[in-house]
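Below is one structure; the comments refer to it alone.
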Ligand code: SF4
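Residue numbers (this note's numbering), protein chains in the order written: chain A, 91 to 235; chain B, 1178 to 1537.
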């Protein structure tokens, strides 16, 4: 177990991608980073660059236009990586399931590791989802968490 | 002449969580041309509103945008009520006003935080968002949810605010007001904030009117225009006066939003003191008749316009929504050319873009 694997689990960096969500879950993801919930104390940092990221947080359902962007970003993240689908509509399409431009949940395009329920998902639930993802990640890199 | 470069700004980029793409042409560091490319957030909500029955559309309309969710839901209910037509009880009107202003407060605080973040003023970003959590707590206490409130229904509202909650609301709002005031003072006088925003992205009054802009963006250019002046819901009884600045730059837009956040708290406090007792809901009879109606509402980002057409069944024949950001994006084509590359994020942010509203 090297230093890189350890730090990947101890301080994972996050890439937040918004498909065609309603913003509800996006502002909750952002709220996780601000003083009340403050996930930065666990070493989680929000990154704009996919090549720096370990965990991808996706909000919103996939539509026909963002599908390509989503796949593109996913492929740019170095392995091992985790994908968290935040919110009902990122998990299944949710309230938008019968809209004509919607393909459905994020798992229609890329593999998803953790689904966070809720519309909008509460910050507590999102943090819970991240913790679950980290447990999976530590198994994947072979580090005891 | 320096060679020109075309660089895409987005759809995945650090200033906004939302996907918007601007194809920007630069000459060295100067922006010369901008072409917005939209469509990443399109879901097809208007069409889905024709498929669903009319009471279910409230949930869909609330998810046009999660930040102004409450006001989208209220606007949808108001337009269907005008289609009928039916009158909601006065207490329900006041409750709707209170929740609208509460979401305006949280939305403006959110924006002020994002602005501070775009300026690299991390501590102010955190402070604004810390205060905003208190407003979200009030929303959660009174509506049951932090973000998507779902309190409005056709014919009134689903929840009442009792005396106990009212007391907590008033106390918290007064606290929040004090804290926001202190922060806004910093924002308005800090030399680094001023250096980055004064004279950046200037939009004159004539240009703003010509481009059909609306909301705080328009008011920062010196136009006194606000849908709340029409006196819908309870605004007619609250003595509302719009806030206007004249400089039309990013600084003026920040000031308008900051003062509106404070004004929204005052409006809530006043609405609490004037709120009448009584019913909060009247049951609508049957299905919406074959009729059409429009409704204009002032959201945090500007004017939203709802059009609904019924055909006598339980489904609407057509629902059309025109959102504030749709009207404000054209102003980017005027403000961005001539500006520096480093100022692009602040200018884009200064229209308070809400892409999921615009594309639905
Ligand atoms: S789950 Fe709900 S609140 Fe979250 S992005 Fe989807 S529609 Fe919006």
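Beta carbons: idealized from backbone N, C-alpha and C, even for Gly.
For secondary structure counted as the beta strand (DSSP E) over 3 or more consecutive residues, the segment 1182-1235 of chain B holds these complete runs in sequence order: 1198-1204 and 1207-1214. Taking 8 Å as the upper bound for CB-CB distance, residue 175/A and residue 148/A are in contact here, some 5 Å apart. Of the residues assessed, residue 228/A falls on the buried side of the cut-off, its CB having 16 or more other CB atoms within 10 angstroms. Counting only Cβ-Cβ distances below 8 Å, residue 1224/B has contacts in chain A at 189 and 190, in chain order. The Cβ-Cβ distance between residue 1458/B and residue 1332/B falls below 8 Å. Restricting attention to 1512/B, 1229/B, 1442/B and 1213/B, the CA atom closest to the CA of residue 1309/B is found in 1442/B. Separation of residue 128/A and residue 102/A (C-alpha to C-alpha, rounded to the nearest whole angstrom) is 14 Å. Residue 1230/B is positioned such that its CB atom lies no closer than 8 Å to that of residue 1488/B. Nearest C-alpha to residue 115/A among 198/A, 181/A and 194/A: 181/A. In this structure, residue 1405/B has its CB at a distance of at least 7 Å from all heavy atoms of the ligand SF4. The beta carbon of residue 1375/B sits no closer than 8 Å to any beta carbon of chain A. In this structure the segment 177-191 of chain A touches the segment 1207-1227 of chain B; the number of beta carbon pairs closer than 8 Å is three or more.
Counting only the Cα atoms, residue 1326/B lies some 33 Å from residue 1426/B.
Between the alpha carbons of residue 141/A and residue 1355/B lies a gap of roughly 42 Å. Counting every other CB atom within 10 Å of its CB across the protein chains shown gives residue 1300/B a total below 16, marking it as exposed.
Among the residues of chain A, none has a CB under 9 Å from the CB of residue 1318/B; the nearest is roughly 14 Å distant. Taking the Cα of residue 1369/B as reference, the smallest distance to any Cα among 1428/B, 1251/B and 1456/B is reached at 1428/B. Residues of the segment 113-139 of chain A that bring their beta carbon within less than 8 Å of a beta carbon in chain B comprise 113, 114, 115, 116, 117, 118, 119, 120, 121, 124, 125, 126 and 138, in sequence order. For residue 156/A, the chain B residues whose C-beta falls within less than 9 Å of its own C-beta are 1188, 1196, 1217 and 1218, listed in chain order.
When C-beta atoms of the segment 1246-1257 of chain B are compared with those of the segment 1452-1472 of chain B, three or more pairs fall below 8 Å, so the two segments count as touching. Positions of the alpha helix (DSSP H) runs, each at least 4 residues long and wholly inside the segment 156-225 of chain A, are given as 156-166 and 178-182 in order along the chain. Proximity of residue 148/A to chain B, defined by a Cβ-Cβ separation below 8 Å, is not satisfied. A distance of 8 Å or more separates the beta carbons of residue 1290/B and residue 1393/B. Listed along chain A is no residue with a C-beta nearer than 9 Å to that of residue 1490/B; the closest approach is about 18 Å. With a beta-carbon spacing of about 11 Å, residue 1515/B and residue 1211/B fall beyond the 8 Å limit used to define contacts.
Assignment of beta-bridge partners to residue 1333/B by DSSP yields 1330/B and 1458/B. Taken in chain order, the members of the segment 153-177 of chain A whose beta-carbon sits within less than 7 Å of a beta-carbon on chain B are 153, 155, 156, 159 and 163. Note on geometry: alpha-carbon atoms of residue 1271/B and residue 1181/B lie some 55 Å from one another. Looking at the DSSP output, residue 104/A sits in a beta bridge with 136/A and 145/A. By the neighbour-count criterion, in which a residue is buried when 16 or more other Cβ atoms sit within 10 angstroms of its Cβ, residue 1372/B is exposed. The ligand SF4 has no heavy atom closer than 7 Å to the beta-carbon of residue 1183/B. DSSP places residue 1472/B within a strand segment (E or B) once states are collapsed to three. Taking the Cα positions, residue 200/A is about 28 Å away from residue 1236/B.
Listed in chain order, the non-local C-beta contacts of residue 1470/B below 7 Å within the same chain comprise 1256, 1259, 1260 and 1485, local neighbours out to five positions each way being set aside.
At a cut-off of 7 Å, the beta-carbon of residue 1240/B counts as near the ligand SF4: some heavy atom of the ligand is closer than that. If you look at residue 1494/B, you'll find it in the beta strand (DSSP E) that goes 1493-1499.
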